[in-house]
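Novice:
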Amino acid sequence: MGYIISGIQQVGIGVQDADAAWAWYRKHFGMDVPVFKDSATASLMTRYTGDRAEDRYAILAMNMQGGGGFEIWQFTSRTPREPEVEHFLGDTGVFAVKLKTQDIATAYRTLKASGVHILNSVQQSPDGRMHFYVKDPFNNLFEITESKSWFKKAKAITGGVAGCVIGVTDIDKALKLYRDVLGYTEVLYDGQKKFEDFEGVPGGENEFRRVILRSNKNRMGAFCRLLGETELELVEVKNRAPQKIFHDRYWGDLGYIHICFDINGMEQLADRCQQANFSFTVDSRDSFDMGKAAGHFSYCEDPDGTLIEFVETHKIPIVEKIGWYLNIRHRDPGKPLPDWMLGMLALNRVKD
């Protein structure tokens, strides 16, 4: 393939107050290890911010049990806009983020007891796993789902990002990106009907075609063990016309602004995306610097305009307090970093 996709590095979440949102995600989802906290101008993203370079403050936080992180993203030069209308399952864009848990019953009881807004009871998905949906105070939906893919086991009731639920208008067209380019080749489920396990989810009463894809089991790359197995659930509503979740809004406005994949081999990936008619719309080319982390990033769009980010990481902070940064630019790109080295990131954990 010429390029490596290690997994979902993070999902971008546009919020009004990044520090307040992060505090909530630390408390309830164990996202307590910051990779960076940084203020900058998003000068390369003007295509998605009304042709104006906007200032922003962002925090990339991880859960060291494994899984992707949250890039908690706040405009500092404008007031972020919320959707003008309520959105429903099947609307195009990232509808929900999947978080993994080892014990679905305990996760349900704990989140409910903590006052988290629970949308439905524990349900069985078509592929046999148990799951349920919750909503954060910022109107973002999360699916809590069973998983056996873990980096380390700790006290938090959830791990990190295990995937996303993505609304599309045509699953077959979307598969040309998510399956054929990104390598989500294992089909866990493909069916069309009204689904009982969507009970309580906004718009869940409709009829859908639903395809659940899992990442290739032969994942490679420096961070593949930390990021773990991930899945993409493509949802196509059949009995109404879907709306675009980010219609008339900017990247960085409230909600899920992108899915970011950790990759190696950006030039080869650019060629593959172009061949598949998903050419990069943004490309940093030279090394970008986000304070404590640096690398090369790019974006493409799925057939409905959902933003997909790719990051080729060049360095990460291991122990910032003593100036220990790990430069991985010249490592074997397919070789996972040692668990003990990744585990050192936990030294940066924020305890409330």
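Going by my numbering, the first residue of the sequence shown is number 17, and it counts up by one from there.
Using N, Cα and C, we set each Cβ at its ideal position, and we do this for glycine too.
Note that the structure is predicted; figures quoted are calculated from it, not measured.
Tell me which residues share the same chain as aspartate 206 and place their Cβ nearer than 7 Å to its Cβ, disregarding the 5 neighbours each side in the sequence.
Specialist: Within the sequence shown, residue 206 is the residue found at index 190, counting from 1. So the list reads Val227, once near-sequence residues are dropped.
Novice: Please determine if the stretch 173–180 and the stretch 210–224 are in contact, where contact requires at least 3 C-beta pairs separated by less than 8 Å.
Specialist: no
Novice: When DSSP labels each residue in this structure, what does glutamine 259 get in the three-state scheme?
Specialist: To locate residue 259, count along the sequence shown from 1; it is residue 243. The answer is coil: DSSP assigns glutamine 259 none of H, G, I, E or B.
Novice: Just the Cα atoms here: how many angstroms apart are phenylalanine 262 and tryptophan 89?
Specialist: Stepping through the sequence shown from its first residue, residue 262 is reached at position 246. Stepping through the sequence shown from its first residue, residue 89 is reached at position 73. Rounded to whole angstroms, phenylalanine 262 to tryptophan 89 spans 15 Å at the Cα level.
Novice: Within 10 angstroms of its Cβ, does tryptophan 340 collect 16 or more other Cβ (buried), or is it exposed?
Specialist: Taking the first residue of the sequence shown as position 1, residue 340 is located at position 324. Exposed, since its Cβ has fewer than 16 Cβ neighbours within 10 Å.
Novice: Suppose the cutoff is 8 Å on Cβ atoms and the five residues either side in sequence are ignored; what does the same chain contact list for aspartate 318 look like?
Specialist: Position 302 of the sequence shown, counting from 1, holds the residue named residue 318. Same-chain partners within the cutoff: Ile182, Val184, Ala190, Leu193, Tyr194, Phe294, Ile324.
Novice: Which residue's Cα is closest to the Cα of glutamate 98: Phe154, Ser141, Arg125?
Specialist: The residue you call residue 98 lines up with position 82 of the sequence shown. It is Phe154 whose Cα lies nearest to the Cα of glutamate 98.
Novice: Taking 8 Å as the limit between beta carbons, can you name the residues of its chain near glutamate 247, skipping five residues before and five after?
Specialist: By one-based count along the sequence shown, residue 247 stands at place 231. Cβ neighbours of glutamate 247 beyond the five flanking positions: Lys114, Ala178, Gly179, Tyr200, Leu204, Ile228, Leu229, Arg230, Ser231.
Novice: Which residues bound the alpha helix (DSSP H) around aspartate 54?
Specialist: Locating residue 54 in the sequence shown gives position 38, where the first residue counts as 1. Counting along the chain, aspartate 54 falls outside any alpha helix (DSSP H), though it belongs to the beta strand (DSSP E) covering 49–58.
Novice: Report, in whole angstroms, the separation of the C-beta atoms of arginine 63 and glycine 268, which I expect to be a contact under 8 Å.
Specialist: In the sequence shown, the residue the question calls residue 63 occupies position 47. In the sequence shown, the residue the question calls residue 268 occupies position 252. About 12 Å separates the CB atoms of arginine 63 and glycine 268; that is not less than 8 Å, and the two are not in contact.
Novice: Under 7 Å Cβ to Cβ from glycine 30, same chain only, skipping five residues before and after it: list those, please.
Specialist: What you label residue 30 is simply residue 14 of the sequence shown in a count that begins at 1. Counting only Cβ-Cβ distances below 7 Å, and skipping sequence neighbours, we find Trp89, Pro96, Gly268, Asp269, Leu270, Gly271, Ile273.
Novice: For aspartate 355, which of helix, strand or coil comes out of DSSP?
Specialist: Reading the sequence shown from its first residue, position 339 is the one you call residue 355. In this structure, aspartate 355 counts as helix in the three-state DSSP scheme.
Novice: From this set, Ile338, Asp264, Phe277, which residue's C-alpha is nearest glycine 237's C-alpha?
Specialist: As a working mapping, residue 237 is identified with position 221 in the sequence shown. Nearest option by C-alpha distance: Phe277.
Novice: Could you tell me which residues DSSP puts in a beta bridge with isoleucine 88?
Specialist: On the sequence shown, residue 88 is found 72 positions in, with the first residue counted as 1. When beta bridges are read from the DSSP output, isoleucine 88 appears opposite Ile29, Ile75.
Novice: Below 7 Å CB to CB, which residues in the same chain sit around valine 217 once its five sequence neighbours on both sides are set aside?
Specialist: Walking along the sequence shown from the start, residue 217 turns up at place 201. Excluding residues within five positions, the ones whose Cβ falls inside 7 Å are Leu105, Leu135, Asn136, Tyr149.
Novice: What would DSSP say about aspartate 299, mapped onto helix, strand or coil?
Specialist: Numbered from 1 along the sequence shown, position 283 holds the residue referred to as residue 299. DSSP places aspartate 299 in strand when its eight states are reduced to three.
Novice: Measuring straight from C-alpha to C-alpha, what distance separates threonine 126 and glutamine 284?
Specialist: Position 110 of the sequence shown, counted from the start, is the residue given in the question as residue 126. Position 268 of the sequence shown, counted from the start, is the residue given in the question as residue 284. One C-alpha to the other measures close to 45 Å.
Novice: Using CA atoms only, rank isn't needed, just tell me which of Asn364, Trp166, Pro349 is closest to serine 22.
Specialist: Taking the sequence shown and counting its residues from 1, the one referred to as residue 22 is at position 6. It is Pro349.
Novice: Count the other CB atoms, across all protein chains shown, that sit within 10 Å of the CB of histidine 346; report buried if there are 16 or more and exposed otherwise.
Specialist: For the purposes of this step, residue 346 is identified with residue 330 of the sequence shown, where counting begins at 1. By the 10 Å Cβ count, histidine 346 comes out exposed.
Novice: Rounded C-beta distance between threonine 108 and lysine 260? I'm assuming under 8 Å.
Specialist: Sequence index remark: in the sequence shown, residue 108 carries index 92 (1-based). Sequence index remark: in the sequence shown, residue 260 carries index 244 (1-based). Between lysine 260 and threonine 108 the Cβ distance is about 5 Å, and since that is below 8 Å, they are a contact.
Novice: By Cβ distance below 8 Å, which residues in the same chain neighbour aspartate 186 in space, the five residues on each side in sequence not counted?
Specialist: To locate residue 186, count along the sequence shown from 1; it is residue 170. Excluding sequence neighbours, aspartate 186 sits near Glu252, Pro319.
Novice: Could you give the first and the last residue of the continuous beta strand (DSSP E) run that contains threonine 117?
Specialist: Indexing the sequence shown from 1 puts residue 117 at position 101. Start and end: 109–117.
Novice: In chain order, what residues of the same chain lie with their CB nearer than 8 Å to the CB of arginine 288, ignoring the 5 residues before and after it?
Specialist: Residue 288 sits at position 272 when you count from the first residue of the sequence shown. Correct list, in chain order: Met17, Gly18, Tyr19, Val197.
Novice: What did DSSP end up calling methionine 306 once you bin it into helix, strand or coil?
Specialist: As a working mapping, residue 306 is identified with position 290 in the sequence shown. Caution applies to methionine 306, whose pLDDT of 49 falls short of 50 and renders its modelled position unreliable; the value that the coordinates give is listed next. Coil.
Novice: Who are methionine 80's beta bridge partners in DSSP?
Specialist: Along the sequence shown, one-based indexing puts residue 80 at 64. Paired residue(s): none; methionine 80 is not in a bridge.
Novice: Just list the residues that DSSP pairs glycine 183 with in beta bridges.
Specialist: Looking up residue 183 in the sequence shown gives position 167. Gly109, Val251.
Novice: Where does proline 50 land, buried or exposed, given buried means 16+ other C-beta within 10 angstroms?
Specialist: As a position in the sequence shown, residue 50 is number 34, starting the count at 1. Buried.
Novice: Does the Cβ of lysine 169 have 16 or more other Cβ atoms within 10 Å, making it buried, or fewer, making it exposed?
Specialist: Locating residue 169 in the sequence shown gives position 153, where the first residue counts as 1. Its Cβ having fewer than 16 others within 10 Å, lysine 169 is exposed.
Novice: Look at the alpha carbon of isoleucine 334 and the alpha carbon of proline 354, and state the distance between them as a whole number of angstroms.
Specialist: Translated into positions along the sequence shown, residue 334 becomes position 318. Translated into positions along the sequence shown, residue 354 becomes position 338. So the alpha carbons of these two residues sit roughly 13 Å apart.
Novice: Near valine 298, which residues of its chain fall below 7 Å by C-beta distance, leaving aside the five closest residues on each side in sequence?
Specialist: By one-based count along the sequence shown, residue 298 stands at place 282. Shown here for valine 298: same chain residues with a beta carbon closer than 7 Å to its own, the five before and five after excluded, namely Leu60, Met61, Arg63, Ser314, Tyr315 in chain order.
Novice: With C-beta atoms as the reference, is glycine 83 less than 8 Å away from leucine 76?
Specialist: Counting from one through the sequence shown, the residue named residue 83 turns up at place 67. Counting from one through the sequence shown, the residue named residue 76 turns up at place 60. Going by C-beta atoms, glycine 83 is not nearer than 8 Å to leucine 76.
Novice: In whole angstroms, give me the CA-to-CA distance for glycine 307 and alanine 74.
Specialist: Within the sequence shown, numbered from 1, the residue matching residue 307 stands at position 291. Within the sequence shown, numbered from 1, the residue matching residue 74 stands at position 58. Low confidence applies to glycine 307: its pLDDT is 49, below 50, so where it sits in the model is not reliable, and the reading given next is rough at best. Each residue's alpha carbon lies about 11 Å from the other.
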